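Chains as they are written, first to last, in the numbering used here: chain E, 1 to 263; chain S, 1 to 307. Here the structure comes first, spelled out in structure tokens, and everything after it is commentary.
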Amino acid sequence: MTASRISLGIVAIIALAALIGPPFLSWTHSAIDWDAVRAPLFSPGHLFGTDTVGRDLLARTLVGTRVTLAVALAAAIVALVIGTAWGAIAGWVGGRTDEIMMRIVDGLYALPFMFVVILLMVVFGRSIILVFIGIGAVEWLTMARVVRGQVIALKERPFVTAAEAAGAPASRILTGHILPNVAGVALAYLLLTVPQVVMVESFLSFLGLGVQEPLTSLGILVKEGADDMDIQPHALLIPGGVLVLIIVCLTVAGERLRDRLSQ
Amino acid sequence: MRVLLLRRLLTAIPTLLGVVILSFVLMRLAPGGPFDGERALDDDTRAALDAAYGLDLPLAEQIALYIGRLLRGDFGPSLVYRDFTVSELIAQGLPVSLTIGGLALLLACILGIGGGLWAAVRAGRWQDEAIMGLATLLTALPVFVTGPLFVLIFALGLGWLPVSGWEAGRPSHLVLPVVALSLPFAGAIAKLARAGLARALNEDHVRTARARGLAERQVIARHALRPALVPVASYLGPAAAGLLTGAVIIETVFALPGLGRYFVQGALNRDYPLVLGVVTLYAGLIILFNLVADLIYGWLDPRMRAE
Numbered sequence: 001m002t003a004s005r006i007s008l009g010i011v012a013i014i015a016l017a018a019l020i021g022p023p024f025l026s027w028t029h030s031a032i033d034w035d036a037v038r039a040p041l042f043s044p045g046h047l048f049g050t051d052t053v054g055r056d057l058l059a060r061t062l063v064g065t066r067v068t069l070a071v072a073l074a075a076a077i078v079a080l081v082i083g084t085a086w087g088a089i090a091g092w093v094g095g096r097t098d099e100i101m102m103r104i105v106d107g108l109y110a111l112p113f114m115f116v117v118i119l120l121m122v123v124f125g126r127s128i129i130l131v132f133i134g135i136g137a138v139e140w141l142t143m144a145r146v147v148r149g150q151v152i153a154l155k156e157r158p159f160v161t162a163a164e165a166a167g168a169p170a171s172r173i174l175t176g177h178i179l180p181n182v183a184g185v186a187l188a189y190l191l192l193t194v195p196q197v198v199m200v201e202s203f204l205s206f207l208g209l210g211v212q213e214p215l216t217s218l219g220i221l222v223k224e225g226a227d228d229m230d231i232q233p234h235a236l237l238i239p240g241g242v243l244v245l246i247i248v249c250l251t252v253a254g255e256r257l258r259d260r261l262s263q
Numbered sequence: 001m002r003v004l005l006l007r008r009l010l011t012a013i014p015t016l017l018g019v020v021i022l023s024f025v026l027m028r029l030a031p032g033g034p035f036d037g038e039r040a041l042d043d044d045t046r047a048a049l050d051a052a053y054g055l056d057l058p059l060a061e062q063i064a065l066y067i068g069r070l071l072r073g074d075f076g077p078s079l080v081y082r083d084f085t086v087s088e089l090i091a092q093g094l095p096v097s098l099t100i101g102g103l104a105l106l107l108a109c110i111l112g113i114g115g116g117l118w119a120a121v122r123a124g125r126w127q128d129e130a131i132m133g134l135a136t137l138l139t140a141l142p143v144f145v146t147g148p149l150f151v152l153i154f155a156l157g158l159g160w161l162p163v164s165g166w167e168a169g170r171p172s173h174l175v176l177p178v179v180a181l182s183l184p185f186a187g188a189i190a191k192l193a194r195a196g197l198a199r200a201l202n203e204d205h206v207r208t209a210r211a212r213g214l215a216e217r218q219v220i221a222r223h224a225l226r227p228a229l230v231p232v233a234s235y236l237g238p239a240a241a242g243l244l245t246g247a248v249i250i251e252t253v254f255a256l257p258g259l260g261r262y263f264v265q266g267a268l269n270r271d272y273p274l275v276l277g278v279v280t281l282y283a284g285l286i287i288l289f290n291l292v293a294d295l296i297y298g299w300l301d302p303r304m305r306a307e
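So, in structure tokens, the structure goes:
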């Protein structure tokens, strides 16, 4: 339990800093300090130094983290809603409907899904809203499978049979008796989906296909840092480190929660 | 088993067809086209270009034409690399991507299975905890962070290996890309192998083997190893898909002339035939890898063959 608490704590601190930090800095993430281009670490006014055109790296890291986390959370919630609805209906109705719905999920699983997301980016233009709709629309598959399994198991439980015998309509049994029992597992998978989406968003932004300037994200910062790492390695190490920390901590917390609930 | 494979093949065809049609329609929905440059074209030039590339035909006809050409191995002309057909770009780039992906898969299997089994044998001891902690860390490391980091340490810092580029027959250019690409998959495979062996060691037939007085080494090698690897086999399909995806980043970071780099260039420049061709090809490859994974699965678990 302690490992997951520490992990969540670290993520909470990073998220809080990203959320409330930027207004307290003297530089915004896109302002250029002409007197301090490529400032090193710990220079006056720029704690993390500046990039190749003199933008403050601390401000950029905080804003980038904020954008990355916001996109990830939004996309994970899209995935949660679609996946839960899809899985619950398939598991509850059963029979042919279930088979067809799960075949569709199997078929989509076989897709080179990152390429499909890139295709969506190419088609609809590179906008931040589409980044998360696109990601959320493909990340729901695992959620649908998990929720379906849970619903099928719950369907046979006495309290559901009792509700049916008492004449409760299917919609009430689903929302009142089944979904509350699925919530815990769904939450664990939500925690596991967020780092997945963080990874996808950074992947896209790294290639120049995700979040676009002047907005920034951790993926863009890693890319910019990688291009300049022979001169100032910290431009790569700081955003890269924050990114890895977020992914590791959320994965650890999610896996612990999932394992605890499935026992 | 044969029936199962046949059924998989039969579902693969509509899946592939669906991918092609969906991608094609999406591509055509896109606002803007490959001929929207800095200078606006006059109507006649645009009409001539559209006619030359078949963009003036009805959508259904375009799709039918495209699928017909695909069946003959013709992916159409590239709109950005004007002197090349998409088939030529694939012929140039795919061998590079497959070399990197194949070597990375091999390395991931060796490291992952080795580490996972070693941890399972020492279950509950500190070696187990250490390996599993490392595996979790590895699965969380994105290749676009490890790639540049490796270049920074091993190429720029220590000078042991080349920074980037590709020269046929020079294995030193392959080391960093392959290692960086394989690590997350090695971590995932290690977790699966450890869980698989831990479960297999608790099964009845393994207890029987122990009761017969076999040495632990023999118990594992002859009775527990095959069932232990079943979860790893079922991960091979998704792993292949992930490796192809990761190769896109690796090729960009290390400036390798693989298909993934052409794909990114195509995506940034709205090169429809190129993007469409790569998505179709990769969907086909991933379906193929899943079939191979099913075969391995059937070989490891006889119950699968009976179905």
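Ideal Cβ positions, reconstructed from N, Cα and C, are used throughout, including at glycine. Keep in mind that this is a model prediction, so the values were computed, not measured.
Close to E/Met229, with beta-carbon spacing below 7 Å, are these residues of chain S in chain order: Pro148, Leu152. Taking 8 Å as the upper bound on Cβ-Cβ separation, chain E lies near no residue of the region 73 to 87 of chain S.
Leaving aside the five residues that flank S/Ala233 on each side, the residues in its chain whose CB is nearer than 7 Å to its CB run, in chain order, Ala293, Ile296, Tyr297, Leu300. A check of alpha carbon separations from S/Leu55 across S/Tyr81, S/Gly76, S/Val145 identifies S/Gly76 as the nearest. Residues of chain S with a Cβ closer than 8 Å to the Cβ of E/Ser202 are, in chain order, Pro142, Phe144. Where S/His205 is concerned, the enclosing alpha helix (DSSP H) starts and stops at 204 to 211. Taking 8 Å as the cut-off, the Cβ atoms of S/Tyr235 and S/Ile189 count as close. In the structure shown, S/Ser23 falls within a helical segment according to DSSP collapsed to helix, strand and coil.
Within the region 220 to 241 of chain S, Gly237, Pro238, Ala241 place their CB atoms closer than 9 Å to a CB of chain E, listed in sequence order. At a C-beta separation below 7 Å, S/Leu291 has no neighbours in chain E, since its nearest C-beta there lies roughly 10 Å away. DSSP lists no bridge partner for S/Arg226.
Beta bridge pairing from DSSP links E/Thr65 with no other residue.
When Cβ-Cβ separations below 8 Å define contact, S/Ile286 makes contact with chain E. Residue state for E/Thr28 is assigned as coil, using DSSP reduced to three classes. Under the three-state reduction of DSSP, E/Thr50 is assigned to strand. Between the alpha carbons of S/Arg226 and S/Leu106 lies a distance of about 18 Å. If you look at E/Met229, you'll find it isn't in any alpha helix (DSSP H); DSSP assigns it neither H nor E. E/Val248 is positioned such that its CB atom lies no closer than 8 Å to that of S/Leu103.
By the criterion of a C-beta distance shorter than 8 Å, S/Leu192 is surrounded in its chain by Gly112, Gly116, Pro231, Val232, Tyr235, once the five residues flanking it on both sides are discounted.
Between the alpha carbons of E/Met143 and S/Ala215 lies a gap of roughly 43 Å. Around the beta carbon of E/Thr175, fewer than 16 other beta carbons lie within 10 angstroms, which makes this residue exposed. Using a CB distance below 8 Å, the part of the region 181 to 210 of chain E facing chain S consists of Pro195, Met199, Ser202, Phe203, Phe206, Leu207, Gly208, Leu209, ordered along the chain. In the structure shown, S/Ser78 falls within a coil segment according to DSSP collapsed to helix, strand and coil.
The Cβ atoms of E/Thr65 and E/Ile104 do not sit closer than 8 Å to each other. Using a Cβ-Cβ cut-off of 8 Å, S/Arg7 does not count as an interface residue toward chain E, since no Cβ of chain E sits closer than that to its own. Separation of E/Gln150 and E/Val182 (C-alpha to C-alpha, rounded to the nearest whole angstrom) is 6 Å. Among the residues of chain S, those whose CB is under 8 Å from the CB of E/Leu243 are Pro142, Val145, following chain order. Taking C-beta atoms as the reference points, E/Pro22 and E/Val63 count as a pair closer than 8 Å. Shown here, S/Thr280 sits in a helix according to DSSP, grouped into three states. Counting the other CB atoms within 10 Å of its CB gives S/Thr208 a total below 16, which places it among the exposed residues. A buried status is given to S/Thr139, since no fewer than 16 other beta-carbon atoms sit within 10 Å of its beta-carbon. Non-local beta-carbon contacts of E/Val117 in its own chain, meaning distances under 8 Å to residues more than five positions away in sequence, involve Gly134, Ile135, Val138, Val200, Leu204 in chain order. Any Cβ of chain E closer than 8 Å to the Cβ of S/Ala119 would place that residue at the interface, and such an atom is absent. Taking 8 Å as the CB threshold, E/Leu16 stays off the interface with chain S. In the three-state DSSP reduction, E/Asp56 falls in the strand class (E or B). Burial of E/Glu255 is indicated by the presence of at least 16 other C-beta atoms within 10 angstroms of its C-beta.
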